[in-house]
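If you use this note's numbering, the sequence shown corresponds to residues 340 to 552, in order.
Backbone N, C-alpha and C define an ideal beta-carbon position, used for all residues, glycine too.
Keep in mind the model is a prediction, meaning the values are calculated, not measured.
Structure first, commentary second.
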Amino acid sequence: MSKKKEQETEKVHTGKKSFWRENFEAILIAVVLALFIRTFVVQAFKIPSGSMLETLQIGDHILVNKFIYGTHIPFTHISFFHIQKPQRGDIVVFKYPVDEQRDFIKRVVGTPGDTVEVRNKIVYVNGERLNDEDYVVHRDSIIIPGQRDNFGPVTVPENCYFMMGDNRDGSFDSRFWGYVKQEQILGKALIIYWSWDREELRPRLGRTGKIVR
């Protein structure tokens, strides 16, 4: 083989290596970027139950802001860069305190130092009835003795939050299993980016793009 042909062959092989390497690097960067965004910026969650009806429907797919309450280091309870702390009324995703392998979504009702009480289904915080809970649903008119309809009063400990579902008669929340620690909170619900009605087998297009409040 002539020297010229050897050089041309070498150029062709070099070009192939460059092509595969370039694509591998692009894919690697995309994967790293996706993992970074999912871990520290925003993450998608699906609503599996009706505990947040009517605010969130079963089959809603939401995006959650993961940095607003602090950036969490994976596999630890360490966080930093806190923009703000959870506020009463925020809808948040958190690790279920009894089993941190499961994620729950509820609304913040009590913040650290608040006294929370439920009297005949009505929620009181620091002795005052919460009158701005227009999102709350009661599907059962019966007052049941016990902690679902009559609870407390309790004082929320430091660095902890009291959570309740908007579907108050059908929510398994802080009334039953206690408080959520700050480090167990994953982020604040932002927007519904997709919704699927599994009973009607159709998308709920009217919910797509809806801000979660």
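Each residue's CA atom was taken as its position, placing Leu544 and Ser357 some 45 Å apart. In this structure, Val457 is the residue among Ile530, Thr410, Phe384, Val457 with its C-alpha nearest to the C-alpha of Pro484. Secondary structure at Glu522: helix, using DSSP grouped into helix, strand and coil. Excluding residues up to 5 positions away in sequence, Ala383, His400, Ile401, Leu402, Thr547, Gly548 lie with their Cβ nearer than 8 Å to the Cβ of Tyr532 in the same chain. If you ignore the 5 residues before and after Tyr463, its C-beta comes within less than 6 Å of the C-beta of Glu456, all in its own chain and listed in chain order. Per the Cβ contact rule, the stretch 503 to 520 is not in contact with the stretch 535 to 543 (fewer than 3 Cβ pairs under 8 Å). Residue range 442 to 449 is occupied by the beta strand (DSSP E) that includes Arg446.
Close CB contacts of Ile550 within its chain, under the 6 Å cut and outside five residues either way in sequence, are with Ile530 (chain order).
Taking 7 Å as the cut-off, the Cβ atoms of Val447 and Pro425 count as close. Between Met502 and Val476, the CB-CB gap reaches or exceeds 7 Å.
For the set Ser534, Lys527, Gly517, the Cα lying nearest the Cα of Asp438 is the one of Gly517. Less than 7 Å divides the Cβ of Ile524 from the Cβ of Tyr408. DSSP, reduced to helix, strand and coil, places Phe406 outside both helices and strands of the structure shown, so it counts as coil. Leu540 carries a coil assignment under DSSP once its states are collapsed to helix, strand and coil.
Of all alpha-carbon atoms in Leu392, Asn498, Trp359, the one lying nearest the alpha-carbon of Ile444 is that of Leu392.
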